[in-house]
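Trainee:
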Amino acid sequence: MKALPIVVAALGGALVGAAAALLFAPAKGSETRETIKDFIKAHVPGIKGQELESLADQIAEEIKEVK
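Note that the sequence shown covers residues 421 to 487 in my numbering.
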């Protein structure tokens, strides 16, 4: 079970990196949200629809706060 924290850390790092990249490539909010959803779908296999929506909303809100 020691691999689980490493996987979680890697996914967290990937999400933070994606959020930072989106900050430097501004787009409309709806386009940014779709980009976030596509990234999550590609990198988090088996994520459920509601979880995906919730996570995309959280990341989009954090991006808005940083700007």
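C-beta atoms are modelled at their ideal positions from N, C-alpha and C, and glycine is treated no differently.
1. When we look at the beta-carbon of Phe459 and count the other beta-carbons within 10 Å, is it buried (16 or more) or exposed?
2. To the nearest angstrom, how far is it from the Cα of Phe444 to the Cα of Thr452?
3. In terms of alpha-carbon separation, which member of Ile426, Pro465, Ala462 and Ala439 lies closest to Asp477?
4. Exposed or buried, Ile426, counting other C-beta atoms within 10 Å across all chains shown (16 or more means buried)?
5. Please confirm whether Lys484 and Gly437 have their CB atoms less than 9 Å apart.
Mentor: With the structure as the only source:
1. Result: buried.
2. 11 Å
3. Ala439
4. Exposed is the call here.
5. no
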